[in-house]
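Everything in the sequence shown is counted per our numbering, starting at 1402 for the first residue and increasing by one.
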Amino acid sequence: MRKPIIAGNWKMNKTMNEALELVDEIKDETNKTDVEVVVCCPFTVISEVKKAIEGSKVKLGAQNMHWEDEGAFTGEISANMLKDLGVDYVIIGHSERRQYFGETDEVVNKKVIKAIEKGLKPIICVGETLNEREKNKTFDIVKRQTLTALEGVGKDGMNDVVIAYEPVWAIGTGKTASSQDANEVIAYIRFLLQNKYGIEVSERVRIQYGGSVKPSNATEIMNETDIDGALVGGASLKAEEFLGIVNF
Ligand code: PGA
């Protein structure tokens, strides 16, 4: 049985006080569920959020990292720095990173390899744009992104990997993929994993759906056979909405 994982991606939101207020509102409720709950916060609040969630079941995540250990990379944050702060998860290859910051599949792959090497659990994002979907390229795109991201990752490395299928056209738009469509793509990702790693790994890896998940659609999405959780943007910024998803 795969344990569902609901991760909030706060993106570039929340000052320190706002962040602490939000975690304070979600942590007690989180202790009552069997779902794994992660908050992927901005770098600036990670250390304080870490203290605030101490003793609760909330896990700590970051939204990005660099693939080198250290050096002259102005403005970047390394895996070691995240480990040092007690971070568990790191989102890698979010479509906004790909779209606005030029992250390629190869860059995503380097980051995934480094995260695993350092003991961080990558949440690897894949998903097609609207244009790609309309051209019936969804499966090709998802295949290329998934397999390139995992190049050089062995079976053992897969223990800590989470994949998030996030159709780009559904992110922040209020449009969601139908739960059946999302499940179909996610089942395909699982099939790719099975080909590469065998059934034992493919049955174990958790694959989330992301893109306008809210309390009103969470149950339907989570009831699908292959969907193991959600990566939540907008709705993770308000305690009530996020908890509505966690308690789907
Ligand atoms: P959204 O974002 O829930 O606001 O659509 C999801 C994401 O970008 O991870």
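We put the CB at the ideal spot given by N, CA and C, even for glycine. Keep in mind that this is a model prediction, so the values were computed, not measured.
Supposed close pair residue i, residue j - CB separation, criterion 8 Å
i, j, result
"V1614", "V1586", "Actually they do not touch by this definition, with Cβ atoms about 15 Å apart."
"L1461", "V1438", "No, L1461 and V1438 are not in contact; Cβ-Cβ is about 11 Å, not under 8 Å."
"A1550", "G1612", "So it is not a contact: roughly 18 Å between Cβ atoms."
"M1466", "A1516", "7 Å"
"V1562", "V1606", "6 Å"
"L1423", "E1449", "L1423 to E1449, Cβ: 12 Å. No contact."
"I1622", "A1636", "So it is not a contact: roughly 12 Å between Cβ atoms."
"P1616", "G1575", "Contact doesn't hold; Cβ gap of about 14 Å is too wide."
"E1455", "A1640", "Actually they are not in contact, since the Cβ atoms of E1455 and A1640 sit about 18 Å apart, beyond 8 Å."
"G1528", "S1496", "6 Å"
"I1564", "T1547", "7 Å"
"V1446", "K1412", "About 13 Å separates the two Cβ atoms, so there is no contact after all."
"T1434", "N1596", "At roughly 33 Å, the Cβ-Cβ gap does not stay under 8 Å, so T1434 and N1596 are not in contact."
"I1524", "I1492", "5 Å"
"M1545", "D1485", "Here residue 1545 is Arg; the residue named in the question, Met, does not match the sequence. Not confirmed; about 34 Å, so no contact."
Residue i versus the options, residue with shortest Cα-Cα distance
i, options, result
"L1483", "G1555, F1444 and Y1501", "F1444"
"S1579", "T1547, I1628, E1601 and K1452", "I1628"
"Q1464", "W1570, Y1610, Q1546 and K1522", "K1522"
"Y1490", "K1519, S1603, E1507 and M1623", "K1519"
"R1403", "E1601, E1449 and E1621", "E1601"
"A1583", "E1625, T1620, T1574 and N1596", "E1625"
"N1537", "A1588, P1568 and D1429", "P1568"
"E1419", "E1477, C1442 and V1633", "C1442"
"G1553", "Y1501, N1532 and V1513", "V1513"
"D1429", "W1570, T1475, K1458 and E1533", "K1458"
"L1531", "N1432, W1570 and T1620", "W1570"
"I1406", "V1633, E1642 and L1638", "V1633"
"L1594", "G1555, N1618 and A1619", "G1555"
"G1487", "F1502, R1499, K1452 and I1608", "K1452"
"Q1500", "C1526, T1475, N1410 and Q1581", "C1526"
Residue interval of the beta strand (DSSP E) (run including residue i)
i, result
"P1523", "K1522 to V1527"
"R1607", "R1607 to G1611"
"K1460", "K1460 to A1463"
"N1410", "I1406 to N1410"
"V1450", "That residue, V1450, is in no beta strand (DSSP E); its alpha helix (DSSP H) goes I1447 to I1454."
"L1632", "G1630 to V1633"
"V1554", "Element bounds for V1554: n/a, residue is neither H nor E."
N-terminal and C-terminal residue of the alpha helix (DSSP H) that residue i is part of
i, result
"G1645", "A1640 to V1647"
"K1424", "It is Val, not Lys, that sits at residue 1424 in the sequence shown. Looking at the DSSP string, the run of the alpha helix (DSSP H) that includes V1424 is M1417 to T1431."
"E1437", "Not the alpha helix (DSSP H): E1437 falls in the beta strand (DSSP E), residues E1437 to C1441."
"V1617", "It should be pointed out that residue 1617 corresponds to Ser in this sequence rather than to Val. S1617 -> alpha helix (DSSP H) spans P1616 to M1623."
Residue i at chain D interface by Cβ criterion, 9 Å
i, result
"D1425", "No chain D appears in this structure, which consists of one protein chain only."
> Quick one: complete alpha helix (DSSP H) runs, 4+ long, within the segment 1473-1543?
Replying inline: 1480-1485, 1496-1502, 1506-1518 and 1531-1535
>> What ranges does the alpha helix (DSSP H) occupy inside the segment 1559-1607, keeping only unbroken runs of at least 4 residues that lie completely in it?
In response: As far as the segment 1559-1607 is concerned, its whole alpha helix (DSSP H) runs of at least 4 residues are 1580-1598 and 1600-1605.
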